[in-house]
Amino acid sequence: MSSENQTATLDGVKRLLPYFKPQKLFIAVGIVSLCIFSLVDAGMIYFIKPLIDDGLNQANSDVLRWAALFIILVFLIRGIASFCASYCMAYAGTRITYELRQQLFVKYQYLPQHFFDQQQSGHLIAKVTYDTEQVSQALLDAFVVLIRESVIVCVLLAMMFYASWQLSLIFLIIGPAIAMLIKYVSKRFRKISKALQNAMGDITKATEQAISGHQEIVLNQSEQRLIEQFAHTNNKNRHQAMKLAATSAQSNPVVQWLASLAIAAVLLLASVDSILSTLTTGTFTLVLIAIGSLLKPLKKLTTINPKIQRGLVAANSIFELLDHPIQANTGKLPFPAQFESLNIQNLNFSYGINSSTVLHQLNVRFEAGKTYALVGASGSGKSTLAKLLTRLYDAPDQQMYINNQAIAEYQLYSLRQAFSYVSQNIVLIDDTIANNITFGCHQPISEQMLKQVIDDANLTSLIAQLPQGLNSQIGENGKQLSGGQRQRIAIARAMLRNTPIIIFDEATSALDNHSEAQIQQAIKRLAKDKTVIIIAHRLSTIVDADEILVMEQGQVVEQGDHQTLLKNQGSYHQLFYQQAS
1 MSSENQTATL
11 DGVKRLLPYF
21 KPQKLFIAVG
31 IVSLCIFSLV
41 DAGMIYFIKP
51 LIDDGLNQAN
61 SDVLRWAALF
71 IILVFLIRGI
81 ASFCASYCMA
91 YAGTRITYEL
101 RQQLFVKYQY
111 LPQHFFDQQQ
121 SGHLIAKVTY
131 DTEQVSQALL
141 DAFVVLIRES
151 VIVCVLLAMM
161 FYASWQLSLI
171 FLIIGPAIAM
181 LIKYVSKRFR
191 KISKALQNAM
201 GDITKATEQA
211 ISGHQEIVLN
221 QSEQRLIEQF
231 AHTNNKNRHQ
241 AMKLAATSAQ
251 SNPVVQWLAS
261 LAIAAVLLLA
271 SVDSILSTLT
281 TGTFTLVLIA
291 IGSLLKPLKK
301 LTTINPKIQR
311 GLVAANSIFE
321 LLDHPIQANT
331 GKLPFPAQFE
341 SLNIQNLNFS
351 YGINSSTVLH
361 QLNVRFEAGK
371 TYALVGASGS
381 GKSTLAKLLT
391 RLYDAPDQQM
401 YINNQAIAEY
411 QLYSLRQAFS
421 YVSQNIVLID
431 DTIANNITFG
441 CHQPISEQML
451 KQVIDDANLT
461 SLIAQLPQGL
471 NSQIGENGKQ
481 LSGGQRQRIA
491 IARAMLRNTP
501 IIIFDEATSA
511 LDNHSEAQIQ
521 QAIKRLAKDK
531 TVIIIAHRLS
541 TIVDADEILV
551 MEQGQVVEQG
561 DHQTLLKNQG
571 SYHQLFYQQA
581 S
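If you're matching positions, the sequence shown starts at 1 in UniProt numbering and goes up one per residue.
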């Protein structure tokens with residue numbers, strides 16, 4: 001193994017120790033139980049010698065009667081030890097999995113938006129569902145095998161040397177050979193485990209896309225294409241799993257072959273007259289059975305390495321994500337109690353080092369209590385600006401100001417509490433209508449408040465039609481509702497939050513005329529005494545805005561109310577009459 005891999009392995013083990021330490025009591029009880037189980041399991045073989053030499057050869061019935069009682073007691077102790085070991089290790093494993101999953105989920109909540117833009121959701125889901133299981137299960141399984149089988153091997157070897165050290169010496173040759181074999185395959189196990197982990201992420205991603213995009217797939221007759229793509233991904237995963245299985249399978253027969261050489265050597269040594277004269281029937285039987293019994297634990301010990309490598313690869317993958325920096329939150333100020341203005345000065349922004357500039361020398365001012373509309377062709381920077389206002393992305397310092405204070409000076413959580421964001425792609429939770437409306441509202445909500453926002457959002461008739469009313473389940477992401485109904489729930493949510501600034505990002509672009517009219521009514525009620533920023537594709541929906549900002553290639557090229565912009569006969573005039581025609 002290279003020094004780099006050794007360092008990664010040691011780092012992974014060190015990082016895992018804090019997760020194992022809180023479970024040290026259960027792990028300690030598990031280890032003691034494993035040792036008792038192994039001592040009893042292997043120790044039973046030793047009593048073959050007195051059973052044969054004293055019981056059968058000397059026809060001693062007392063030995064046989066005591067042996068019967070002894071067997072019952074031994075298996076009782078063995079069973080209790082097995083239960084304690086299994087339960088304690090399982091408890092420790094599930095707690096470790098819980099902690100890792102919880103930390104990953106919490107981490108996801110505070111990572112910057114650009115992180116998710118660059119990652120495949122399937123791989124991120126696999127880290128929570130698959131990798132966390134691999135860490136606890138693989139490492140604890142390997143630990144259990146190491147303790148249990150090592151004790152069995154030590155007890156068997158001790159019995160063999162006690163019974164006949166001459167016959168047992170030959171078995172020491174196997175130890176170094178097995179150690180060399182394990183070292184040889186370690187590097188390959190790590191490499192294959194990493195590839196298998198990535199393949200599992202690809203399967204999760206492909207499955208998620210097929211389920212979430214089922215409607216589009218069916219309507220575009222793309223089923224066969226997706227099936228073929230998944231077959232390729234699935235086969236890639238199978239191929240990596242077979243590589244791991246083949247590497248593991250190759251090591252097992254080699255160990256057994258080495259052990260068979262030892263058995264053959266023992267038989268040859270036993271044929272030497274000077275040794276044969278010292279052996280009893282029980283001693284010879286004990287040594288042979290002990291050697292045969294060594295094969296199973298030695299074989300299991302060879303499976304430890306792939307489990308450890310699989311667990312460490314998963315652990316390193318998890319820690320790599322946990323080490324990713326969260327979004328900077330250096331602001332100290334709470335959002336002002338009275339919002340006055342939001343000012344943007346000479347703002348330039350791009351999504352990355354290699355990305356083109358999306359916003360160019362942008363200068364905009366939003367004042368309290370007014371409704372603003374951002375219009376323009378796709379890619380002109382409208383939605384990007386909305387994301388910068390809420391710090392989903394961070395703009396360069398000292399270019400965005402709220403009440404003449406740089407936006408970065410405000411606490412991130414406090415800043416976002418001042419915004420409500422209603423987009424075209426509404427995200428609803430798989431819960432009741434009531435819980436979806438109150439989602440994101442962090443103050444006590446009275447029944448009267450809830451009823452008021454339901455009326456204002458034009459949801460009263462919908463809720464009246466449902467058998468369970470507000471307690472009706474809406475399905476995953478509101479699949480049981482229409483687009484207009486989902487939008488109205490989102491608007492009701494924004495009403496309940498009662499924030500000073502509201503952003504509508506193409507909120508009505510995918511709706512029919514009737515649904516759009518209902519949404520427009522709800523928006524007017526919501527916009528009262530608020531600062532509203534509407535990003536619109538349909539210009540007919542923003543004619544009443546106080547200010548309309550026309551954007552082209554990341555810049556504001558026109559600004560004014562609807563009538564003024566039409567009279568100017570500029571870009572807005574052209575866009576408006578293109579849609580009208």
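C-beta: ideal position from N, C-alpha, C; glycine also.
Coil, strand or helix - D41 by DSSP: Here residue 41 refers to the residue found at position 41 of the sequence shown. Correct three-state label for D41: helix.
Secondary structure of N346, DSSP reduced to three states: What you label residue 346 is simply residue 346 of the sequence shown in a count that begins at 1. Three-state DSSP puts N346 in a strand.
CA-to-CA distance, L111 to D117, given in whole angstroms: Translated into positions along the sequence shown, residue 117 becomes position 117. Translated into positions along the sequence shown, residue 111 becomes position 111. Cα to Cα, the separation comes out at about 11 Å.
Buried versus exposed, by CB contacts within 10 Å (16 or more), V364: The residue given as residue 364 occupies position 364 in the sequence shown. Its Cβ being crowded by 16 or more others within 10 Å, V364 is buried.
For M1, three-class secondary structure by DSSP: Taking the sequence shown and counting its residues from 1, the one referred to as residue 1 is at position 1. Here M1 scores only 48 on pLDDT, less than 50, and its place in the model should not be relied on; the value that follows carries that caveat. Reduced to three states, the DSSP call for M1 is coil.
Same chain, Cβ closer than 6 Å to L566, neighbours up to 5 away in sequence not counted: Stepping through the sequence shown from its first residue, residue 566 is reached at position 566. These residues qualify, in order along the chain: H573.
Close-in-space but distant-in-sequence residues of the same chain around T233 (CB under 7 Å, 5 per side omitted): Along the sequence shown, read from residue 1 onward, the residue named residue 233 stands at position 233. Here the set comprises D202, I203 and A206.
Distance between I429 and E409 (C-alpha atoms, nearest Å): Locating residue 409 in the sequence shown gives position 409, where the first residue counts as 1. Locating residue 429 in the sequence shown gives position 429, where the first residue counts as 1. Whole-angstrom Cα-Cα distance: 32 Å.
Alpha-carbon spacing of Q109 relative to G554, whole angstroms: Position 109 of the sequence shown holds residue 109. Position 554 of the sequence shown holds residue 554. Taking the straight line from one Cα to the other gives about 30 Å.
Rounded C-alpha distance that separates residue 591 from Q579: No answer is possible for residue 591: the residues shown for the chain start at 1 and end at 581.
N- and C-terminal bounds of the alpha helix (DSSP H) containing I548: The residue you call residue 548 lines up with position 548 of the sequence shown. No alpha helix (DSSP H) holds I548; the beta strand (DSSP E) holding it covers E547 to E552.
As assigned by DSSP and simplified to three states, the class of E228: Residue mapping note: residue 228 aligns to position 228 of the sequence shown, counting from 1. In this structure, E228 counts as helix in the three-state DSSP scheme.
Presumed contact (8 Å Cβ cut-off) between A545 and Y372, rounded CB distance: Residue 545 sits at position 545 when you count from the first residue of the sequence shown. Residue 372 sits at position 372 when you count from the first residue of the sequence shown. Between the beta-carbon of A545 and that of Y372 there is about 6 Å, and that keeps the pair under the 8 Å contact cut.
Where Y401 sits in the DSSP three-state scheme: Position 401 of the sequence shown holds residue 401. In this structure, Y401 counts as strand in the three-state DSSP scheme.
Cα-Cα separation between S540 and Q134, rounded to whole angstroms: Position 540 of the sequence shown, counted from the first residue, corresponds to residue 540. Position 134 of the sequence shown, counted from the first residue, corresponds to residue 134. Between S540 and Q134, the C-alpha separation is close to 55 Å.
C-alpha distance - Q569 paired with G560, whole-angstrom precision: On the sequence shown, position 569 is the one that residue 569 refers to. On the sequence shown, position 560 is the one that residue 560 refers to. Taking C-alpha positions only, Q569 is separated from G560 by approximately 12 Å.
Closest residue to A210 among R225, L196, I437 and M200 (Cα-Cα distance): Here residue 210 corresponds to residue number 210 of the sequence shown, with the count starting at 1. The option with the nearest alpha carbon to A210 is R225.
For E447, the first and last residue of its enclosing alpha helix (DSSP H): If you number the sequence shown from 1, residue 447 lands on position 447. E447 to D456 is the extent of the alpha helix (DSSP H) around E447.
Cutoff 8 Å; reference Y393; Cβ partners in own chain excluding five residues on either side: Translated into the one-based positions of the sequence shown, residue 393 becomes position 393. Cβ neighbours of Y393 beyond the five flanking positions: P112, Q113, H114, F349, Y351, T384 and K387.
Beta bridge counterpart(s) of T419 as assigned by DSSP: Here residue 419 refers to the residue found at position 419 of the sequence shown. Note that residue 419 corresponds to Phe in the displayed sequence, not to Thr. According to DSSP, F419 bridges with I501.
Which listed residue (S121, S571, L169 and E547) has its alpha carbon closest to that of A265: On the sequence shown, residue 265 is found 265 positions in, with the first residue counted as 1. The residue with the shortest Cα to Cα distance from A265 is L169.
Under 9 Å between C-beta atoms of L244 and P306: As a position in the sequence shown, residue 244 is number 244, starting the count at 1. As a position in the sequence shown, residue 306 is number 306, starting the count at 1. For L244 and P306, yes; Cβs fall inside 9 Å.
DSSP state of H360 mapped onto helix, strand, coil: To locate residue 360, count along the sequence shown from 1; it is residue 360. Correct three-state label for H360: strand.
Beta carbon proximity, T281 to chain D, threshold 9 Å: Absence of chain D from the displayed structure is noted, only one protein chain being present.
Where A92 sits in the DSSP three-state scheme: For the purposes of this step, residue 92 is taken as the residue at position 92 of the sequence shown. The answer is helix: DSSP assigns A92 an H, G or I state.
Close-in-space but distant-in-sequence residues of the same chain around R144 (CB under 8 Å, 5 per side omitted): Residue 144 sits at position 144 when you count from the first residue of the sequence shown. In the sequence as presented, Arg is not what sits at residue 144; that position holds Val. The answer, listed in chain order, is G30, L34, A85 and M89.
Distance, F439 Cα to S136 Cα: On the sequence shown, residue 136 is found 136 positions in, with the first residue counted as 1. On the sequence shown, residue 439 is found 439 positions in, with the first residue counted as 1. Straight-line Cα distance between these residues: approximately 34 Å.
Residues near N471 in its chain [Cβ-Cβ closer than 6 Å; skip 5 each side]: As a first step, residue 471 is located in the sequence shown; it is residue number 471 there, counting from the start. Taken in chain order, the residues that qualify are T432.
Minimum C-alpha distance to A28 - residue among L450, L10 and L140: Position 28 of the sequence shown, counted from the first residue, corresponds to residue 28. The shortest Cα separation from A28 among L450, L10 and L140 belongs to L140.
Short Cβ contact (9 Å threshold) for Q480 with I519: Here residue 480 is taken as the residue at index 480 of the sequence shown, counted from 1. Here residue 519 is taken as the residue at index 519 of the sequence shown, counted from 1. In this structure, I519 does not lie closer than 9 Å to Q480 by Cβ.
Start and end residues, alpha helix (DSSP H) containing N533: For the purposes of this step, residue 533 is taken as residue 533 along the sequence shown, with counting starting at 1. First, the amino acid is wrong: residue 533 is Ile here, not Asn. No alpha helix (DSSP H) contains I533, which is instead part of the beta strand (DSSP E) from T531 to I535.
Straight-line gap, L17 to Q411 (C-alpha atoms, nearest Å): The residue you call residue 17 lines up with position 17 of the sequence shown. The residue you call residue 411 lines up with position 411 of the sequence shown. Cα to Cα, the separation comes out at about 34 Å.
V556 - partner residues in DSSP beta bridges: Residue numbering aside, residue 556 sits at position 556 when the sequence shown is read from its first letter. BP columns for V556 point to M551.
Whole-angstrom distance between F161 and I125, CA atom to CA atom: Along the sequence shown, one-based indexing puts residue 125 at 125. Along the sequence shown, one-based indexing puts residue 161 at 161. So the alpha carbons of these two residues sit roughly 53 Å apart.
Under 9 Å between C-beta atoms of residue 603 and Y91: In the structure as shown, the chain begins at 1 and stops at 581. Residue 603 is therefore absent and cannot be evaluated.
Counted within 10 angstroms of its Cβ, other Cβ atoms place E228 as buried (16 or more) or exposed: Position 228 of the sequence shown, counted from the start, is the residue given in the question as residue 228. It counts as exposed.
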